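**Q** Could you have a look at this structure, given as structure tokens, before my questions?
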Amino acid sequence: MDKLVSTFKKIARLLSIILLLVLAVLQLIQLINALSAGGSFMGVVSSITIDLLLVLLFATPAILLLLKKDTEAKIALSFLLGYLFISAVINLVSYGVLIDGNAPALRVIYAVISFILGLAYGFVLICFLLEKIFKLKLMKLGFLVLVFSLALIALLIIFEIVVAIDEGWTFAGYLNNFAYDIVIPLVMVFGLMLLDEDK
Numbered sequence: 012m013d014k015l016v017s018t019f020k021k022i023a024r025l026l027s028i029i030l031l032l033v034l035a036v037l038q039l040i041q042l043i044n045a046l047s048a049g050g051s052f053m054g055v056v057s058s059i060t061i062d063l064l065l066v067l068l069f070a071t072p073a074i075l076l077l078l079k080k081d082t083e084a085k086i087a088l089s090f091l092l093g094y095l096f097i098s099a100v101i102n103l104v105s106y107g108v109l110i111d112g113n114a115p116a117l118r119v120i121y122a123v124i125s126f127i128l129g130l131a132y133g134f135v136l137i138c139f140l141l142e143k144i145f146k147l148k149l150m151k152l153g154f155l156v157l158v159f160s161l162a163l164i165a166l167l168i169i170f171e172i173v174v175a176i177d178e179g180w181t182f183a184g185y186l187n188n189f190a191y192d193i194v195i196p197l198v199m200v201f202g203l204m205l206l207d208e209d210k
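Per my numbering, residue 12 is the first one in the sequence shown, and the count goes up by one each step.
Take a look at the structure:
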């Protein structure tokens, strides 16, 4: 398993750049949708402002990595990952409310996978904090959980497509879910491995 983690760390830089740029593009698409959406003037301005800030937040580390400014890139990536981990844990664990015997089976399976993924990232976040604060060597276990989470993400991709077709999601809605449930967790996995590559 250590060799598997090491293998993923070797490609973490390239995948982090690609995934961050994909995330920035998806957020840019959401920005364009906000421009064409109806609603109050301030509502549209607020949506555009948030989307523009997120585009910059996602694109900055990727551009710095491409420019070989690794020190600055890793500082920017550290702040981004802190935000993403907390947001993703809250977002994914919140799917627990959909685990209901009266809900459609596909939706329940999708919610269960999301919930487990959220718990996994919560565990990794705790391992990271305990290692940084109390010098406990827990991130070796944390990285194993991150590798395991890749299998859950693969399952989530399949079930997200099936649920989207079954429930008739809009294209914009699917892109939003794909960004937050698939791309962001992948950025978290490989971004954290990139920050740890020199250790």
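Glycine residues also receive a C-beta, built at the ideal position from the N, C-alpha and C atoms.
None of these values were measured; they are calculated from a predicted model.
Taking the alpha carbon of V33 as the reference point, which residue from V198, L203, G179, D207 has its own alpha carbon closest?
**A** The sequence position of residue 33 within the sequence shown is 22, counting from 1. Closest option to V33, Cα to Cα, is V198.
**Q** Evaluate A190 with the Cβ neighbour count: other Cβ atoms within 10 Å of its Cβ, from every protein chain shown; 16 or more gives buried, anything less gives exposed.
**A** The count along the sequence shown starts at 1 and reaches residue 190 at position 179. With 16 or more other Cβ atoms within 10 Å, it is buried.
**Q** Nearest to I169 by CA position, among L157, T181, Y185, V158, is which residue?
**A** By 1-based counting over the sequence shown, the position of residue 169 is 158. Selected option, being the one with the closest Cα: Y185.
**Q** Beta-carbon separation of S160 and A183 under 9 angstroms?
**A** Numbered from 1 along the sequence shown, position 149 holds the residue referred to as residue 160. Numbered from 1 along the sequence shown, position 172 holds the residue referred to as residue 183. Result no, Cβ atoms of S160 and A183 do not sit closer than 9 angstroms.
**Q** Could you tell me the boundaries of the alpha helix (DSSP H) in which P72 lies?
**A** As a working mapping, residue 72 is identified with position 61 in the sequence shown. First-last of the alpha helix (DSSP H) with P72: 52–77.
**Q** Would L75 and A84 be called neighbours here (beta carbons separated by less than 9 angstroms)?
**A** Your numbering for residue 75 matches position 64 in the sequence shown. Your numbering for residue 84 matches position 73 in the sequence shown. Contact flag set, yes.
**Q** I'd like to check one pair, E208 with K80: are the Cβ atoms closer than 9 angstroms?
**A** As a first step, residue 80 is located in the sequence shown; it is residue number 69 there, counting from the start. As a first step, residue 208 is located in the sequence shown; it is residue number 197 there, counting from the start. Not a contact, by the Cβ cut-off of 9 angstroms.
**Q** Reducing DSSP to helix, strand and coil, say where L147 ends up.
**A** Taking the sequence shown and counting its residues from 1, one reaches residue 147 at position 136. Coil, per DSSP.
**Q** Below 6 angstroms CB to CB, which residues in the same chain sit around L205 once its five sequence neighbours on both sides are set aside?
**A** Your numbering for residue 205 matches position 194 in the sequence shown. The residues are A23, R24, S27.
**Q** Between which two residues does the alpha helix (DSSP H) holding Y191 run?
**A** The count along the sequence shown starts at 1 and reaches residue 191 at position 180. From DSSP, Y191 is part of no alpha helix (DSSP H); its letter is neither H nor E.
**Q** For the alpha helix (DSSP H) that contains E83, what are its first and last residues?
**A** One-based indexing of the sequence shown puts residue 83 at position 72. Looking at the DSSP string, the run of the alpha helix (DSSP H) that includes E83 is 81–104.
**Q** Do the stretch 99–108 and the stretch 56–70 touch if we need at least three Cβ pairs shorter than 8 angstroms?
**A** The stretch 99–108, when compared against the stretch 56–70, does not touch it at the 8 angstroms Cβ threshold.
**Q** Can you give me the C-alpha to C-alpha distance between L223 and A114, rounded to a whole angstrom?
**A** The shown model of the chain, from 12 to 210, leaves out residue 223, and the question about it has no answer.
**Q** Assign E171 to one of three DSSP states: helix, strand, or coil.
**A** In the sequence shown, residue 171 corresponds to position 160, counting from 1. Correct three-state label for E171: helix.
**Q** Which residues in the same chain have their Cβ closer than 7 angstroms to the Cβ of F139, if we skip the five residues on either side of it in sequence?
**A** Mapped onto the sequence shown, residue 139 falls at position 128. So the list reads M150, G153, once near-sequence residues are dropped.
**Q** I'd like the list of long-range same chain contacts for L147, defined as Cβ closer than 7 angstroms, with 5 residues on each side in sequence excluded.
**A** The residue you call residue 147 lines up with position 136 of the sequence shown. Same-chain partners within the cutoff: L141.
**Q** L109 lies in the alpha helix (DSSP H); which residues open and close that run?
**A** Here residue 109 refers to the residue found at position 98 of the sequence shown. Where L109 is concerned, there is no enclosing alpha helix (DSSP H), given that its DSSP letter is neither H nor E.
**Q** With DSSP collapsed to three states, give me the class of N113.
**A** Along the sequence shown, read from residue 1 onward, the residue named residue 113 stands at position 102. Note: N113 maps to coil in three-state DSSP.
**Q** Which residues bound the alpha helix (DSSP H) around A45?
**A** Taking the sequence shown and counting its residues from 1, the one referred to as residue 45 is at position 34. Segment 23–47, the alpha helix (DSSP H) holding A45.
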